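**Q** Could you have a look at this structure, given as structure tokens, before my questions?
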Amino acid sequence: MSQFGNLYSQFYDLLYSDKDYIGEVAYVDNLIKTHNKEAKTLLDLGCGTGKHDELFCDKGYFVHGVDMSEEMLRIAELRRKGKEDKLLFSQSNITELNLNKKFDVVVSLFHVMSYQNSNNELTKAFKSAKNHLNDGGIFIFDFWYGPAVLTDLPVIRIKRLENELIKVTRIAEPILHTQENIVDVEYDIFIENIKTKELIEKKELHKM
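First residue of the sequence shown: 0, per numbering that gives the first Met the number 0; consecutive thereafter.
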């Protein structure tokens, strides 16, 4: 089951509007050009709303994004306009993925690997990446580094953002399970319609 519910998916891009997607894609593109300069095709495991993938397309790659959240992919599909021949999305759990095609590059960004909560899940995700790579292909991913988590413990964070239609407040409360190497992040999300003053509350649990 996806850890990203419908409400969270709907306002995901607003919540991360301050994220430096352009800088991240430029950094990954530089890694690709350094280690596999002839790369043309790219698979994104856990693509979310497709923001990275849209930018990878602008860099000249043919991109296939995969995510298990139907709601996220519904937003991602909107990014295909004008890029239909270079950008594709499909729904799957990355641990069970079988696209029957291979890519020059596989990426998995924004802590997708951190959501693989067991050694078995992580191994399956790595195998999915391997099985979809061409010979000489490269796999680029990020993760939440365990020793850093223990050194700089996660704390309660509050984020407030708004646009012309809504105000969003997200309270993130982490619960650290040291023996399991897992952090449960409990989200309380409040969305206020600026015009009608209607308020919606949603709770979600993200295990990382």
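Beta carbons: idealized from backbone N, C-alpha and C, even for Gly. Being a predicted model, the structure only gives us computed values, none of them experimental.
Any idea if Y114 is buried or exposed, counting beta-carbon neighbours within 10 angstroms, 16 or more meaning buried?
**A** To locate residue 114, count along the sequence shown from 1; it is residue 115. It is buried - the Cβ of Y114 has at least 16 other Cβ atoms within 10 Å.
**Q** When the Cα of K196 is compared with those of H205, L164 and E172, which residue comes out closest?
**A** Numbered from 1 along the sequence shown, position 197 holds the residue referred to as residue 196. Nearest C-alpha to K196: L164.
**Q** Do the region 167 to 178 and the region 62 to 79 touch if we need at least three Cβ pairs shorter than 8 Å?
**A** Verdict: no, contact absent.
**Q** Quick one: give me the first and last residue of the beta strand (DSSP E) that G135 is part of.
**A** Numbered from 1 along the sequence shown, position 136 holds the residue referred to as residue 135. Start and end: L132 to F140.
**Q** For the candidate residues F88, L54, H51 and E185, whose alpha-carbon lies nearest to that of P173?
**A** Walking along the sequence shown from the start, residue 173 turns up at place 174. Per the Cα distances, E185.
**Q** Taking contact to mean at least 3 C-beta pairs separated by less than 8 Å, is the region 39 to 56 in contact with the region 145 to 155?
**A** The region 39 to 56 vs the region 145 to 155: no contact.
**Q** Y186 by DSSP, collapsed to three states: which one?
**A** Within the sequence shown, the letter at position 187 stands for residue 186. Residue state, collapsed to three classes: strand.
**Q** In three-state DSSP terms, what is N192?
**A** The residue labelled residue 192 in the question sits at position 193 within the sequence shown. Three-state DSSP puts N192 in a strand.
**Q** Which two residues bound the contiguous alpha helix (DSSP H) that contains D208?
**A** Outside the displayed span of the chain (0 to 207) sits residue 208, for which this structure offers no information.
**Q** Answer with yes or no whether the minimum CB distance from R156 to chain C is below 7 Å.
**A** The structure shown contains no chain C; it holds only a single protein chain.
**Q** Which first and last residues belong to the beta strand (DSSP E) in which G64 is found?
**A** The count along the sequence shown starts at 1 and reaches residue 64 at position 65. Here the beta strand (DSSP E) through G64 covers F61 to D66.
**Q** Between I137 and V111, which are expected to be in contact by the criterion C-beta below 8 Å, what is the C-beta distance as a whole number of angstroms?
**A** In the sequence shown, residue 137 corresponds to position 138, counting from 1. In the sequence shown, residue 111 corresponds to position 112, counting from 1. Contact flag wrong, Cβ pair sits at about 17 Å.
**Q** Ignore the nearest five residues each way along the sequence and tell me which others in K158's own chain have a CB closer than 6 Å to its CB.
**A** Numbered from 1 along the sequence shown, position 159 holds the residue referred to as residue 158. Answer for K158: R169, listed in chain order.
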